[in-house]
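Engineer:
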Amino acid sequence: MFISILIYIFSYILVIMIHELGHAFFVKIYGGEIKGIGFGEGNKIFAIRKFFIRKNLIFMGRIEWKLPLKLKRYQYIFIYMGGFLFNVLTGSIVWIFGDIQYADYYRYIIIFSYLIGFCSLIPLKYSPYTESDGLAVMRVLMNKNRRVS
0 MFISILIYIF
10 SYILVIMIHE
20 LGHAFFVKIY
30 GGEIKGIGFG
40 EGNKIFAIRK
50 FFIRKNLIFM
60 GRIEWKLPLK
70 LKRYQYIFIY
80 MGGFLFNVLT
90 GSIVWIFGDI
100 QYADYYRYII
110 IFSYLIGFCS
120 LIPLKYSPYT
130 ESDGLAVMRV
140 LMNKNRRVS
């Protein structure tokens with residue numbers, strides 16, 4: 000039972016980090032800078048280099064970036080969709096190539112990858128300062144002059 004809980008927690012943290020690295024991948028491709036990556040929002044309670052854990056909404060991943068001033072709309076969309084794309088890709092790879100003998104160890108990675116990936120597309124605000132990737136994409140599509148930095 001204890002091992003199952005550890006696998007569950009490890010899988011969740013791993014999938015959240017993969018999601019955030021998906022955003023980071025496209026930020027770097029389009030010439031941006033990663034200022035930080037971690038969990039939560041608000042005051043930092045822990046930080047090492049660019050990794051951090053913040054006080055509020057600790058179960059949610061977070062990435063902080065600085066983007067070039069001139070990006071095209073499709074580039075913003077790829078940046079916001081990067082987490083979803085990495086989650087679906089990871090879940091699919093683990094599902095296709097995973098050995099059934101070890102399914103108890105990687106089952107949660109598949110479940111969380113798809114769940115977090117698709118739930119991130121639901122357009123909603125988590126807090127006054129945080130919106131879902133789906134809402135960010137909607138804002139980009141609805142506003143021709145969208146600038147995000």
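Everything in the sequence shown is counted per numbering that gives the first Met the number 0, starting at 0 for the first residue and increasing by one. Using N, Cα and C, we set each Cβ at its ideal position, and we do this for glycine too.
#1: To the nearest angstrom, how far is it from the Cα of residue 61 to the Cα of residue 98?
#2: For residue 56, which of helix, strand or coil comes out of DSSP?
#3: Roughly how far, in whole angstroms, is the beta-carbon of residue 55 from the beta-carbon of residue 41, given that I think they are within contact range, below 8 Å?
#4: If distances are taken between C-alpha atoms only, which option among 26, 121, 141, 142 comes closest to residue 132?
#5: Determine the closest residue to residue 142 out of 111, 30, 71, 109, with distance taken between C-alpha atoms.
#6: Would you call residue 79 buried or exposed, if buried means 16 or more other Cβ atoms sit within 10 Å of its Cβ?
Structural biologist: Once the coordinates are examined:
#1: 32 Å
#2: strand
#3: 4 Å
#4: 121
#5: It is 71.
#6: buried
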